[in-house]
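Heads up, the thing below is written out as structure tokens.
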Amino acid sequence: MSTIAPQFRLSRFIGSLFDIIFWVLLLFSLIGLPVVFIILFYIKMPIINHQLLTPYLALTWMADPSRTLPIIKTLLHTTFFHVIAFPGFGFAALLAAATIFVERKFLAKIQLRVGPLYCGKIEGILQLMGDGLKLISKEIIIPAKADKPIFWVGPLLFLGTAAALVSLIPVAPGGWVVANPNVGLLAVFATIGFFPIITVLTAWAANNKWTFIGGLRALHQMIAFEIPLILSLLSIVILTGTLNLTQIVESQQHFWWIIFAPISAIVFFICIIAELERVPFDLPEAESEIVAGWLTEFSGMMYGLIQLGTYLKLYAFAGLFTVLFLGGWNGPSVWPQFPADIVTQGITIGPITAKIAGLPLFDQEMLNGTLWFVIKTVGVILMILLPRGVFPRIRIDMLLHTGWYKLIGLAFINIFIALGLLYAGVLGPGGLIQ
Amino acid sequence: MVDAVFLALSVLTIGSAIVALEIRSLIYGSIALMITLSGIAGFFLLLDAPFVAMFQLSVYVGSVAVLILFTVMLVRRELIFNKIEDKRRRYAGIGLMLALMLGIGMIIIGSGMKSMETNSPSVDYKQIGQDFLTYYSPALIVMALVLAASVVGALTLARREDITNDQRVN
Chain A
21 MSTIAPQFRL SRFIGSLFDI IFWVLLLFSL IGLPVVFIIL FYIKMPIINH
71 QLLTPYLALT WMADPSRTLP IIKTLLHTTF FHVIAFPGFG FAALLAAATI
121 FVERKFLAKI QLRVGPLYCG KIEGILQLMG DGLKLISKEI IIPAKADKPI
171 FWVGPLLFLG TAAALVSLIP VAPGGWVVAN PNVGLLAVFA TIGFFPIITV
221 LTAWAANNKW TFIGGLRALH QMIAFEIPLI LSLLSIVILT GTLNLTQIVE
271 SQQHFWWIIF APISAIVFFI CIIAELERVP FDLPEAESEI VAGWLTEFSG
321 MMYGLIQLGT YLKLYAFAGL FTVLFLGGWN GPSVWPQFPA DIVTQGITIG
371 PITAKIAGLP LFDQEMLNGT LWFVIKTVGV ILMILLPRGV FPRIRIDMLL
421 HTGWYKLIGL AFINIFIALG LLYAGVLGPG GLIQ
Chain B
11 MVDAVFLALS VLTIGSAIVA LEIRSLIYGS IALMITLSGI AGFFLLLDAP
61 FVAMFQLSVY VGSVAVLILF TVMLVRRELI FNKIEDKRRR YAGIGLMLAL
111 MLGIGMIIIG SGMKSMETNS PSVDYKQIGQ DFLTYYSPAL IVMALVLAAS
161 VVGALTLARR EDITNDQRVN
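Note that the protein sequences, when read in sequence, are chains A and B. All letters in the first sequence, in the order written, are residues 21 to 454 by my numbering. All letters in the second sequence, in the order written, are residues 11 to 180 by my numbering.
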């Protein structure tokens with residue numbers, strides 16, 4: 021019984037297909053090609069193999085893998101690729117999405133539950149995709165008395181700020197970082213400062229008492245924990261003598277800074293849990309008290325964007341912990357050497373053997389560094405997720421007391437330890453241990 | 011490129027400053043103030059001073075603007091503000107501003123700052139730190155004393171005697 025297309029005729033269907041092909045070809049040749057050439061006139065094309073890359077040359081090279089590889093290698097080192105794919109948004113979003121699923125299974129195992137099980141047959145691995153489709157297909161509801169511009173822009177700003185934080189994290193040796201400013205750590209502090217503003221503005225804009233209470237709690241919490249967070253990182257700055265995150269990683273080739281700054285590491289870890297609004301500091305979205313806190317009025321993909329932003333922020337803070345205290349990409353070389361005959365003998369794919377020059381797209385050092393960075397970051401992420409299965413939520417006055425009194429004092433203790441090590445000539449620039 | 015960025019930043023900064031003064035809604039006014047302060051951070055970036063730019067962002071946008079926003083949200087504005095609207099005051103203000111800008115501009119253009127070297131490399135922040143600890147150390151000590159005094163003053167003002175200690179802790 022077909023009720024979808026009762027008037028269906030094959031001849032009409034084929035005719036409409038030809039119609040579409042005709043219009044696409046016509047529009048492409050009349051509008052598309054001129055636009056492409058106008059754009060190409062203004063774009064500076066790269067020089068590859070001592071030849072200026074023109075569109076015709078690129079089309080010719082696509083047929084020959086040995087000529088396509090240099091193009092791909094050039095693409096891998098462009099800012100565009102860095103931002104979109106590897107150390108930037110794509111990589112971080114992949115890790116963040118995996119974190120959402122792993123968190124649910126991990127907590128379930130802690131609490132002797134099974135967690136997501138049915139979606140995708142094997143341990144519910146398609147649950148995440150199902151949730152994403154659900155969020156995309158849901159209607160976006162704007163409250164009638166909301167302040168609409170701020171309410172619309174809020175999730176986008178939150179995601180953008182989280183992505184800006186992600187862009188500062190160096191992932192692998194050899195310049196695999198989106199932005200590498202000389203004052204990287206200060207840029208981190210400046211970026212963190214935007215989160216409370218966005219939170220409290222979106223909370224105010226929704227015009228709901230739950231969101232406003234949640235937003236005010238988030239503001240109190242973030243402001244209170246920002247100061248110990250900054251102070252705890254100062255001991256690392258004193259010991260390394262630089263603010264550049266890549267140089268901080270390179271200074272940890274022989275030992276990690278967590279050995280000399282353990283108190284800082286603990287303070288920083290507690291502060292990032294509070295900044296991320298995770299249990300036991302999840303007062304801004306305490307679901308048993310104030311519905312969902314400052315996220316109450318968000319629905320559909322707006323909620324999805326904030327969720328993605330939250331997990332990007334989680335990845336960024338875990339990466340920051342790895343970079344500052346756990347040695348970043350440094351680790352023993354475990355990545356296997358590339359077999360030399362790949363380049364000389366070629367690869368056999370089915371019946372064809374192809375000889376391709378310059379095949380390993382990434383060098384061994386970079387892959388090894390990425391492996392260690394991901395292992396350490398995932399470890400830190402799991403440590404951040406762990407308290408959610410163990411601890412209850414704490415009261416707001418205890419939270420503020422912890423932030424303003426105890427953590428600031430602890431952070432100062434490690435600053436004095438670092439200063440002592442520096443003036444004793446043990447560590448730091450020109451110290452005994454390099 | 012730099013000229014275009016400079017023009018865009020100027021339009022953004024001055025435009026949002028005017029919006030911050032003129033708009034009715036206090037929340038939007040404080041957002042416009044934030045954009046102005048971020049624009050000034052952009053100027054510092056253009057001037058090859060990323061250190062100052064980052065501090066501008068984290069101190070002014072991250073802290074001062076949050077304080078303003080917090081105050082605006084928590085205080086009922088009818089209680090503290092009373093509207094005084096006067097056309098003549100506005101024109102006098104605009105005239106005063108123009109006169110000031112003209113005067114300061116004349117002084118700056120006449121002072122030989124226009125022959126400044128623009129292609130010199132940016133100053134390293136480590137150099138700033140060394141200067142602060144050696145040549146300008148009296149200024150640093152005075153600043154530290156002022157800040158410590160203000161922190162102590164804030165603590166004294168915020169201390170409340172009516173809360174007993176067992177209520178305050180745990």
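For every residue, glycine included, the Cβ atom is placed at its ideal position computed from N, Cα and C. Computed from a predicted model, the values in this text were never measured in an experiment.
Backbone secondary structure at Ala14 of chain B - three-state DSSP: helix
Same chain only: Cβ atoms within 8 angstroms of Leu381 of chain A, ignoring 5 sequence neighbours per side: Leu89, Ile92, Lys93, Leu96
Backbone CA spacing between Asp39 of chain A and Leu30 of chain A [nearest angstrom]: Rounded to whole angstroms, Asp39 of chain A and Leu30 of chain A show a C-alpha spacing of 14 angstroms.
Spatially closest choice to Ser157 of chain A from A:Ile212, A:Gly324, A:Thr422, by CA coordinates: A:Gly324
Alpha-carbon spacing of Thr316 of chain A relative to Trp230 of chain A, whole angstroms: So the two alpha carbons sit approximately 7 angstroms from each other.
Cutoff 8 angstroms: Leu67 of chain B Cβ touching any chain A Cβ: yes
Backbone CA spacing between Phe16 of chain B and Leu143 of chain B [nearest angstrom]: 34 angstroms
C-beta neighbour in chain B for Leu439 of chain A, strict 8 angstroms: No, Leu439 of chain A lies away from the interface with chain B (no Cβ there is under 8 angstroms from its Cβ).
Per-residue burial, Asp302 of chain A [other beta carbons within 10 Å of its own, 16 or more giving buried]: buried
Length of the line joining the Cα atoms of Ala30 of chain B and Phe178 of chain A: 23 angstroms
Expected contact under 8 angstroms - CB spacing of Phe337 of chain A and Glu295 of chain A to nearest Å: 7 angstroms
Gly135 of chain A beta carbon less than 8 angstroms from that of Gly144 of chain A: The Cβ atoms of Gly144 of chain A and Gly135 of chain A lie closer than 8 angstroms to each other.
Cut-off 7 angstroms between Cβ atoms - residues of its own chain near Pro300 of chain A, not counting five sequence neighbours on either side: Pro407, Phe411, Pro412, Arg413, Ile414
Sequence-distant residues of the same chain with beta carbon closer than 8 angstroms to Ser40 of chain B, five excluded per side: When the five nearest sequence neighbours on each side are left out, the beta carbons in the same chain lying within less than 8 angstroms of the beta carbon of Ser40 of chain B are those of Ala30, Ala75, Ile78, Leu79, Val82, in order along the chain.
Unbroken alpha helix (DSSP H) run spanning Cys291 of chain A, endpoints: First-last of the alpha helix (DSSP H) with Cys291 of chain A: 282-295.
Beta-carbon contacts of Ile292 of chain A that lie in its chain and below 6 angstroms, excluding the five residues immediately before and after: Phe337
Span of the alpha helix (DSSP H), counted from its first residue to its last, around Lys229 of chain A: 229-260
is_contact[Asn180 of chain B, chain A] using C-beta, thresh 8 angstroms: Reliability fails at Asn180 of chain B, whose pLDDT of 48 lies under 50, so the model's placement of it is uncertain and the value that follows must be treated cautiously. Answer yes: the Cβ-Cβ gap between Asn180 of chain B and chain A drops below 8 angstroms somewhere.
Buried or exposed by the 16-neighbour rule on C-beta atoms within 10 Å, applied to Tyr335 of chain A: buried
Ala223 of chain A beta carbon less than 8 angstroms from that of Gly235 of chain A: yes
Assumed close pair Ile481 of chain A, Ile268 of chain A - CB separation to whole angstroms, cut-off 8 angstroms: Absent from the structure is residue 481 of chain A, since the part of chain A shown begins at 21 and ends at 454.
Buried or exposed by the 16-neighbour rule on C-beta atoms within 10 Å, applied to Val197 of chain A: buried
Identity of the residues DSSP links to Trp196 of chain A by a beta bridge: A:Ala192
Pick from A:Leu221, A:Lys333, A:Leu249, A:Gly348 that is closest to Arg237 of chain A, judged by C-alpha positions: A:Leu221
Gln71 of chain A burial status per 10 Å Cβ neighbour count (16 or more: buried): exposed
heavy atom of the ligand HEM below 7 angstroms from Met44 of chain B C-beta: This structure does not include the ligand HEM; it has no bound ligands of any sort.
Reduced DSSP secondary structure (H/G/I, E/B, other) of Phe209 of chain A: helix
Chain-ordered chain B contacts of Trp224 of chain A [CB-CB under 9 angstroms]: Ile37, Leu79, Met83
Chain-ordered residues of the region 201-212 of chain A with a beta carbon less than 7 angstroms from chain B: For the region 201-212 of chain A, the set of positions with a beta-carbon nearer than 7 angstroms to some beta-carbon of chain B reads Pro201, Asn202, Val203, Leu206, Ala207, Phe209, Ala210 in chain order.
Inter-residue spacing [alpha-carbon to alpha-carbon] between Val173 of chain A and Ala166 of chain A: 12 angstroms
Residue environment, Phe209 of chain A, which counts as buried when at least 16 other CB atoms sit within 10 Å: Under this definition Phe209 of chain A is a buried residue.
Contacts around Ile170 of chain A, its chain only, beta-carbon distance under 6 angstroms, and the 5 residues preceding and following it disregarded: Leu221, Ala225
Cβ contact (3+ pairs, closer than 8 angstroms) linking the region 178-193 of chain A and the region 123-130 of chain A: no
Beta-carbon proximity list for Asn434 of chain A, same chain, < 6 angstroms, skipping 5 on both sides: Ser255, Ala281, Ile283, Ser284
Where the alpha helix (DSSP H) through Phe106 of chain A begins and ends: Element bounds for Phe106 of chain A: n/a, residue is neither H nor E.
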